[in-house]
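Which chain is which? The protein sequence lines are A and B, in order.
Numbering-wise, the numbering used here puts 52 at position 52 of the first sequence, and it's gapless, one number per residue.
For any residue, its number in the numbering used here is found by taking its place in the second sequence, counting from 1, and adding 1000.
For reference, the structure is listed below as structure tokens.
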Amino acid sequence: MNWIAWFYFPARLAWRQLVFDRTKLIAATSGVLFACVLVFMQLGFKDSLYASAASAPVKLSGDLFLMHKQSEALWRPVKFKRSELMRALGNPAVTDVYPLYLGLAPFKNIETQVKRTLMVYGFDPDSQIFNVEGIKNKRIELQLKDTVLFDEYSRPEFGPIRQLLDAGRNKTEINDYKITLIGTFRLGVSFAADGNVATSDLNFMRIFPNRNHSDIDLGVIKLRPGVSVTQTQFELRNQLNEFINIFTYEELLQHEMDYWANMAPIGFIFGFGTIMGLVVGLVIVYQILFTDIANLRNEFATLKAMGYEHGYFIRVVFASAFFLAVFGFIPGYALSIGLYQLAESQIFMPMPMTFSKVVTVFMFILSMCALAGFLAIRKLRVANPADMF
Amino acid sequence: MSIAIEVDRLNFSFGRGVLTQSVLKNVTISIHQGEIVLITGPSGSGKTTFLTIIGGLRQAFYGSVIVLDQQLINSNEQTKIKVRQQIGYIFQQHNLLKSLTALQNVSMTLEMHNAMTERQRLDRATEMLEAVGLGNRLDYKPEQLSSGQRQRVSIARALVGQPKIVLADEPTASLDKQSGYEAVSILKRLAKESQTTILLVTHDYRILDIADRVVELEDGIIKNS
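What follows is the structure, encoded as structure tokens:
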């Protein structure tokens, strides 16, 4: 018996039985479609969350980063002494160190006057620690008093800043302190903050009168070209205070991701949502297959009496499960693309439909259907020709 | 003439312990290749049970049942499947697959034999359906056919694989006199052409005349006729 026939015939029978009953097929397909969309959305939100959580650190340019060990994530830092950062200069491999100041503050919408909290980044404009065009271009202007750059990717609730700037309306308040917007840059929002502004360290102290230069949130270290980053990281670990974390660029990103995945319940929530989606789909597909076998037991028993082997029916069930997976996945995928675009336009977070996500979800759906098939084949035992005739 | 079915002192019972109910008692019968044998008897006499044992659908433990040189007493699944594949089974109800057309239903028998191409299978199934007078109903689903036509499709399905033996369990039970007689006549004609053995269980006395031999079963015992 060749393998094409081995799979083709049972698959063809499964196909014919599926398309025979359209109502049932639509019901089963909707079940898979539902699970598919649910999983796509959960994974989409999760990935989007991770991507946006790291949107600020991704754009940082430096070799090593100092953070207080008690800092859970960049958006809620524990301050440490600037002198600690300065001590790193004692290492011959270190060329420059720059402090980064972070603070959440209400920003007054220029049009509506409504205040909404955003993240304020304060740093030496000459330091070039942000690898962002809009910031680099304005480093001279940023050195002026009370000048601020606004993140274009901030949520629209802050107002159409770009158009307002073009119209010459550039005065507003952050933390009840009057500032002038001198341009925009592109960074991206996260679950922690709905918007971002960048300003000089001096302006930062003006916006936050309670802050001072000697308490910093993040230290950015630049090394001489060609020196080993890990070697310097090791040396600094011995030289600096033990309560300081010294991260490489990758470790900093990982630290941010881990926070959202583990510390914050959000990673768990979306993981849970994914599993629930699959469980619902599993139950629906199982029910369909199970009922199908029960309804068709007479036909299966007939085929058994004609000499078909048990394995043939197992292949029929798995082929049905496979077709349902494909039938449900295709419209589920199409619908999800639309929903991703809708979500992007509504929550202003990146929701890319990556190829790997498509493959992942399809594999999930396929495994789900295969498991449903696996559970349903136990029902095949009722198709015993001796009991039927 | 070779022997197709050889049954020697077959005993079979349902249940166990005090609930044991003996169904077949010391059944002994030989059926030659090409013979048409009718088994009659009242309901509950064990006719269908006897047929399912011969057909390799039910496992028996005592006595001897040799079908096409295979011992079916205490046989394994593989032996039974091998026997089933060489037997054409006609059921009381037509038992056609309702999602398949008449042609596809008949082809199902041939799909087990991989020597044929799809074209050959369909041609063969078409010929068979023409032989039972349904050449113009090839693409009809079972629900679009009358009960007599369905039973003729099921006859075609049983015969298309050119089986050595055809087992029929009350094939006329759900048919009126006219179509019932038509169905068994077709069965007889085709069987005689290809020297097929037919074992037919019935209590329809209208069709007794097609048989070479009539055996009466009562309370699990073959009455000498």
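Ideal Cβ positions, reconstructed from N, Cα and C, are used throughout, including at glycine.
No experiment lies behind these values; they were computed from the predicted model shown.
Comparing alpha-carbon positions, the option among L25/A, M41/A and D21/A lying closest to Y333/A turns out to be M41/A. Using beta-carbon distances, I1081/B counts as an interface residue toward chain A, with a partner under 8 Å. The C-alpha of K136/A lies about 26 Å from the C-alpha of M257/A. Contact between V283/A and A93/A does not hold, since their C-beta atoms are separated by about 59 Å, which reaches or exceeds 8 Å. Between R1157/B and N1105/B, the C-beta gap is smaller than 8 Å, which places the two residues in contact. Residue state for K222/A is assigned as strand, using DSSP reduced to three classes. Beta-bridge partners assigned by DSSP to L1010/B: V1027/B. In this model, T1040/B and W15/A are separated by some 41 Å (Cα to Cα). Minimum Cα-Cα distance from V1037/B among the listed residues T1196/B, D1219/B, A1173/B and E1218/B corresponds to T1196/B. Annotation: F270/A to S52/A spans about 15 Å, alpha carbon to alpha carbon. With a cutoff of 8 Å on beta-carbon distance, T230/A and L223/A are scored as not near each other.
DSSP places K1223/B inside the beta strand (DSSP E), whose first and last residues are I1221 to K1223. Boundaries of the alpha helix (DSSP H) harbouring N203/A: D201 to I207, taken from the DSSP string. Interface with chain A (8 Å Cβ-Cβ cutoff): M1116/B is excluded. Taking 8 Å as the cut-off, the beta carbon of G90/A is found no closer than this to the beta carbon of Q254/A. Within the same chain, and ignoring the five residues on either side of T1172/B in sequence, the residues whose Cβ sits closer than 7 Å to its Cβ are G1180, A1183, V1184, T1202, D1204 and I1207. Look at the region 306-323 of chain A: the residues with a C-beta under 7 Å from a C-beta of chain B are M306, G307, Y308 and E309.
Nearest Cα to I377/A within the set L303/A, M351/A and D292/A: D292/A. With contacts defined as CB atoms closer than 8 Å, V1065/B and V1007/B qualify as a contacting pair. When DSSP states are grouped into helix, strand and coil, M1116/B belongs to the coil group. For F65/A, the enclosing beta strand (DSSP E) has its first and last residue at L64 to H68. With a threshold of 8 Å between beta carbons, L303/A makes contact with chain B. Take the alpha-carbon of G338/A and the one of V317/A: they are about 32 Å apart. Sorting F322/A, M276/A and N384/A by C-alpha distance to the C-alpha of G373/A places F322/A at the top.
When the Cα atoms are used, V19/A and L25/A turn out to be separated by approximately 7 Å. For R315/A, the CB contacts under 6 Å within the same chain, skipping 5 residues up- and downstream, are P10 in chain order. Spanning the alpha carbons of D166/A and P160/A requires a straight line of approximately 10 Å. When DSSP states are grouped into helix, strand and coil, A54/A belongs to the coil group. In the three-state reduction of the DSSP assignment, Y312/A falls in the helix class, which pools H, G and I.
Taking a C-beta distance under 8 Å as the contact criterion, K69/A and N245/A qualify as a contact pair.
Neighbourhood of G1044/B in chain A, by CB distance below 7 Å: empty, with the nearest CB roughly 15 Å away. A distance below 7 Å between beta-carbons, with the five flanking residues on each side excluded, links S48/A to the following residues of its chain, in chain order: M349, P350 and M351. A contact is defined here as three or more CB-CB pairs under 8 Å, and the region 29-39 of chain A meets this definition with respect to the region 364-372 of chain A.
Comparing alpha-carbon positions, the option among M1108/B, V1132/B and G1133/B lying closest to R1121/B turns out to be M1108/B. Beyond the five residues adjoining it in sequence on each side, R206/A comes within less than 7 Å, by CB distance, of D146 and Y177 in the same chain, given in chain order.
Scanning chain B for C-beta atoms nearer than 7 Å to the C-beta of Q17/A yields S1099, reported in chain order.
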